[in-house]
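Chemist:
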Amino acid sequence: GAVQYIHPSIRAQYIGEGALMGFCSVMAALLIVYLEKLHKIRSPMMIRIIGMFVLFMVVVFAYKIIQVYQFKSQWYAPSFYPPEYYIRGPLMRDQGNSL
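So in this note's numbering, spot 77 of the sequence shown is number 78, and the numbers just go up one at a time.
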């Protein structure tokens, strides 16, 4: 078969997988910290360009972490929309969450 880099079990991992997840986590955190340092750049246009690139890379690293987690735990599949069985409509039709 093909080479596996991500162990399919939630309770085990390969060393490369651990290194990849650690790298993604650390890079996302460092990039967020770097966002705070952007104010030292004099050009507002460069701040915008670098800021957008840094935010894009944070999303890429976070998405990779979520993607690996979804692969390892098949039950995890969130979506933007609520499940079909949820009651929809005005607040008075709420399912017990109203004050």
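Using N, Cα and C, we set each Cβ at its ideal position, and we do this for glycine too.
Compute the Euclidean distance between the alpha carbons of Ile88 and Tyr77, then round it to the nearest angstrom.
Modeler: Cα-Cα distance, rounded: 22 Å.
Chemist: Rounding to the nearest angstrom, what Cα-Cα distance links Val4 and Phe72 in this structure?
Modeler: If you take the alpha carbons of Val4 and Phe72, they lie about 16 Å apart.
Chemist: Of the residues Ala13, Met22 and Gly2, which one's Cα is nearest the Cα of Ile66?
Modeler: If we check each option's Cα against that of Ile66, Met22 comes out closest.
Chemist: Would you check if there are 3 or more beta carbon pairs closer than 8 Å linking the region 27 to 34 to the region 51 to 66?
Modeler: Cβ pair count under 8 Å is three or more, so yes.
Chemist: With C-beta atoms as the reference, is Val1 less than 8 Å away from Tyr35?
Modeler: There is simply no residue 1 to check, as the chain begins at 2 and stops at 100 in what is shown.
Chemist: Helix, strand or coil for Pro45? Go by DSSP, reduced to three states.
Modeler: Of the three classes helix, strand and coil, the one that applies to Pro45 here is helix, per DSSP.
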